[in-house]
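**Student:** Please find one structure pasted underneath; my questions will follow.
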Amino acid sequence: MELQPAYLLHRQAWRETSALADILTLHDGRIRAVARGVMRPGSRTRHRLQPFTPLHLTWQGEGDLKTLRIIESQGPGAMLAGEGLICGLYANELMSRLLPLSMPVDTLFAFYAALLEALPFPDRRSGALRRFEITLLEALDSEPVFLDEQDRPLDREGRYLYNPALKRFRPAPPEEPAFEARALGWLARGDWDSSGLAGTARVLMRQALAPLLGSRELRSRELMNELMRRRRNGTR
């Protein structure tokens, strides 16, 4: 096979000198593969197979578990730390948890690459992360549809609750916290970058992803919560 662009999502030690790797590829989506000998002391491949680093790979195998053959680095990885690093781990964890094996996701691959470019910059981080999330939801046929439960346009002056089961919105009782229809309208037009919409976009994406993730908490969210606690307490 030809070399294929890829990113490592996660790896763990396997047997004595190898690793099991979850990998996002351009044309074959998520694959699971064995990287033989990658954990051996002095292995040059070990330093190439790192998260957030653009790779070119080949592999072999017909089943769900492949064997990596060629691992080439295509440049330096994204320099991530603090909140940017946790956001990158969050994106990787989402794909490892939610993407079926071998489902082509070319568009998601492009948005993930764009996300890695944006994460080092706090002013670009939120919008890039939301665009990645909505693209992932679209790949899984779970993206919000900005209509009410009867497929009617939202009332511009209305307030709505999101119904993940229908991927649509229903009018909210006056006393409940809800989405403003005007904000939803901007998101429907693809405005994920406005700072005034950041809270609405974050909550909506979290509600849309929740049924897919189930009850098991994301490790990356636990890390982010811990980082926020340390910041509030003035500790590192």
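Residue numbers (this note's numbering): 8 to 243.
Just so you know, even glycine gets a beta-carbon here, dropped at the ideal spot from N, CA and C.
1) For arginine 131, which residues from the same chain have a beta carbon less than 7 Å from its beta carbon, with the 5 sequence-adjacent residues on both sides left out?
2) So, under 8 Å CB-CB, glycine 165 and proline 178 are touching, yes? Tell me the CB distance rounded to an integer number of Å.
3) Looking at leucine 33: is its Cβ nearer than 8 Å to the Cβ of alanine 13?
4) Given a cut-off of 8 Å on the beta-carbon distance, is the pair proline 171 and alanine 117 in contact?
5) When you compare each of Leu108, Gly89, Gly82 to arginine 39 by their alpha carbons, which one comes out closest?
6) State the Cα-Cα distance for the pair proline 111 and tryptophan 193, rounded to the nearest angstrom.
7) Measure the C-alpha to C-alpha separation of glutamine 67 and aspartate 162 and round it to an integer number of angstroms.
8) Counting only runs that start and end within the segment 157-193, where is the beta strand (DSSP E) found for 3 or more residues in a row?
9) Here's a check: name, in chain order, each residue in its chain whose Cβ is nearer than 6 Å to the Cβ of glutamate 140, leaving out the five neighbours to either side.
10) Give the straight-line distance between the Cα atoms of leucine 10 and threonine 74, rounded to the nearest whole angstrom.
11) Quick one: is isoleucine 93 buried, meaning 16 or more other Cβ sit within 10 Å of its Cβ, or exposed?
12) Can you say whether arginine 20 is buried or exposed, counting buried as having 16 or more other CB atoms within 10 angstroms of its CB?
13) What distance in whole Å lies between the Cβ atoms of leucine 15 and glutamine 57, which are believed to be in contact at a cut-off of 8 Å?
14) What separation, rounded to the nearest whole angstrom, lies between the Cα atoms of phenylalanine 176 and aspartate 158?
15) Cα-Cα, which of Gly206, Pro181, Glu182, Thr24 is closest to alanine 190?
16) Measure the beta-carbon distance from alanine 188 to tryptophan 199 and round it to whole angstroms, keeping in mind my assumption that it falls under 8 Å.
17) Output needed for threonine 142: all residues of its chain with C-beta closer than 8 Å, excluding positions within five of it in sequence on either side, in chain order.
18) CA-CA distance, leucine 31 and leucine 154?
19) Starting from the Cα of glutamate 69, find the closest Cα among Glu224, Thr60, Met8 and give me that residue.
20) Along the chain, where does the alpha helix (DSSP H) containing glycine 91 start, and where does it finish?
21) By the DSSP assignment, the alpha helix (DSSP H) with threonine 74 in it spans what residues?
22) Is the beta carbon of alanine 135 less than 8 Å from the beta carbon of alanine 121?
23) Figure out for me which residue from Val152, Leu168, Ala85, Phe186 has the closest Cα to the Cα of lysine 174.
24) Using DSSP with H/G/I as helix, E/B as strand and the rest coil, what is glycine 36?
**Tutor:** Once the coordinates are examined:
1) Ala125
2) 6 Å
3) yes
4) no
5) Comparing Cα-Cα distances from arginine 39 to each of Leu108, Gly89, Gly82, the minimum goes to Leu108.
6) 29 Å
7) 53 Å
8) 166-170, 175-178
9) Met212
10) 14 Å
11) If you draw a 10 Å sphere on the C-beta of isoleucine 93, you find 16 or more other C-beta atoms in it, and that means buried.
12) It should be noted that the sequence gives alanine, not arginine, for residue 20. With fewer than 16 neighbouring CB atoms inside 10 Å of its own CB, alanine 20 falls in the exposed class.
13) 6 Å
14) 9 Å
15) Gly206
16) That belief does not hold up - the Cβ atoms of alanine 188 and tryptophan 199 are roughly 17 Å apart, past 8 Å.
17) Thr114, Leu115, Phe118
18) 32 Å
19) Met8
20) 89-105
21) Not the alpha helix (DSSP H): threonine 74 falls in the beta strand (DSSP E), residues 72-80.
22) yes
23) Val152
24) Note: glycine 36 maps to strand in three-state DSSP.
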